[in-house]
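Undergrad: Here it is, the structure, as C-alpha cells.
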Amino acid sequence: GAGVSQSPSNKVTEKGKDVELRCDPISGHTALYWYRQSLGQGLEFLIYFQGNSAPDKSGLPSDRFSAERTGGSVSTLTIQRTQQEDSAVYLCASSEGGSSYNSPLHFGNGTRLTVT
Amino acid sequence: AQSVTQPDIHITVSEGASLELRCNYSYGATPYLFWYVQSPGQGLQLLLKYFSGDTLVQGIKGFEAEFKRSQSSFNLRKPSVHWSDAAEYFCAVVRMDTGRRALTFGSGTRLQVQP
Chain A
228 GAGVSQSPSN
238 KVTEKGKDVE
248 LRCDPISGHT
258 ALYWYRQSLG
268 QGLEFLIYFQ
278 GNSAPDKSGL
288 PSDRFSAERT
298 GGSVSTLTIQ
308 RTQQEDSAVY
318 LCASSEGGSS
328 YNSPLHFGNG
338 TRLTVT
Chain B
636 AQSVTQPDIH
646 ITVSEGASLE
656 LRCNYSYGAT
666 PYLFWYVQSP
676 GQGLQLLLKY
686 FSGDTLVQGI
696 KGFEAEFKRS
706 QSSFNLRKPS
716 VHWSDAAEYF
726 CAVVRMDTGR
736 RALTFGSGTR
746 LQVQP
C-alpha cells in the first residue's frame, strides 16, 4: 500500500519567500507529525496533530512557521519569510493514532528545503 | 535539557563484527524508548521499542536493545553486522513529563561497515 507521501521532494527558494510543504499521510492514520532534520542534527519535533484535538505546536521554532491539517488527512507546513537557517529536510510521519507510542511512526522521504 | 543522548556521532565496524550503539535518556520517569534506522535514500523505519516488562527487546533485522534503568540507557546491539546495516540510527523517547506525545529523537549515530 501507499506510504506517507511528501511533496515537493526538493525545494529551492530565495530568502524572504514563503514556502508550502505538503504531506499525504497513510490512509486511516489519525496522527500526523512534522519533524525537521538539519545536517548533523537529530530530528527536531515541530508539530503534532491527533484527530480533531488541538495540535501540539510546541516545537515550532518561530511564528514564521505554521501548519494545518485539512479534513484530518493532508497537512501543509508553511514557512513565511524563509531564512537561510530554515534550510533542512522536513519530514512528515503518520501513525494509527491514539498515542505516538502505541503504533510506530511511518515516515515520508522528506522535503529538502534550501534557502539561498 | 536533552532528553535523549547518543554519545557516538559516527561508528565504523567490520562486517561480521558485533555492534553496540549507545543511547542515554535524562529524566526519571519510566520512559517509552525506541530505535529507528534511516538507510540511505529511505525514510526512517522502526527497529524496536520498549514500554515495560522484559528489559531485553528484540527487533527487526536481528537487532536487540536492553533497557537498564540504573544506567538510564537503552543501547542497541547486533551480534554480527552486515554491510546492509550501514545507516544512521536514532534513539527516541516519549517525554511523559511534558505530556507531549510526539517522539523526541537523539542526534543520531552514523554506522559505517567495512568489508
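Those sequence lines, one after another, are chains A and B. So this note's numbering is basically just the index in the first sequence, starting at one, shifted up by 227. So this note's numbering is basically just the index in the second sequence, starting at one, shifted up by 635. Here a beta-carbon is modelled for each residue, glycine too, at the ideal position from N, C-alpha and C. Bear in mind the structure is a predicted one, so any value in this text is a computation, not a measurement.
#1: Decide if the stretch 268 to 287 of chain A is in contact with the stretch 231 to 243 of chain A; the criterion is three or more beta carbon pairs, one per stretch, under 8 Å apart.
#2: Excluding the 5 residues preceding and the 5 following Ser322/A in the sequence, name in chain order all residues of the same chain whose CB lies nearer than 7 Å to its CB.
#3: What residues from chain A crowd round Ala737/B, counting only those whose CB sits closer than 7 Å?
#4: Just to make sure I have the definition right: I need the residues of chain A whose C-beta is within less than 7 Å of the C-beta of Gly678/B. Which are they?
#5: Measuring alpha carbon to alpha carbon, tell me which of Tyr260/A, Ser289/A, Pro288/A and Ser302/A ends up nearest Glu247/A.
#6: Between Phe740/B and chain A, is there a C-beta pair that is closer than 8 Å?
#7: Can you grab the Cα-Cα spacing for the pair Ser638/B / Gly286/A, in whole Å?
#8: Could you check whether the Cβ of Phe702/B sits closer than 8 Å to any Cβ belonging to chain A?
#9: With distances taken Cα to Cα, identify the nearest neighbour of Asn659/B among Thr690/B, Ile695/B and Cys726/B.
#10: May I ask you to list, following chain order, the residues of the stretch 681 to 700 of chain B that have a beta carbon less than 9 Å from some beta carbon of chain D?
TA: In terms of the structure at hand:
#1: no
#2: As a working note, residue 322/A is residue 95 in the first sequence. Cβ within range, chain order: His256, Ala258, Ser330, Pro331, Leu332 and His333.
#3: For the purposes of this step, residue 737/B is identified with residue 102 of the second sequence, where counting begins at 1. Going along chain A in sequence order, the residues near Ala737/B (Cβ under 7 Å) are Tyr260, Phe272, Tyr275, Asp283 and Ser327.
#4: To locate residue 678/B, count along the second sequence from 1; it is residue 43. Under the 7 Å cutoff, chain A gives Phe334, Gly335 and Asn336.
#5: By 1-based counting over the first sequence, the position of residue 247/A is 20. Residue Ser302/A is the option with its Cα nearest to Glu247/A.
#6: The sequence position of residue 740/B within the second sequence is 105, counting from 1. At least one chain A Cβ lies under 8 Å of Phe740/B.
#7: On the second sequence, residue 638/B is found 3 positions in, with the first residue counted as 1. On the first sequence, residue 286/A is found 59 positions in, with the first residue counted as 1. When rounded, the distance between both Cα atoms is 14 Å.
#8: Residue 702/B sits at position 67 when you count from the first residue of the second sequence. For Phe702/B, the answer is no, since every Cβ of chain A falls outside 8 Å of its Cβ.
#9: Position 24 of the second sequence, counted from the start, is the residue given in the question as residue 659/B. That would be Cys726/B, whose Cα lies nearest to the Cα of Asn659/B.
#10: In the structure shown, chain D does not exist; the protein chains are A and B.
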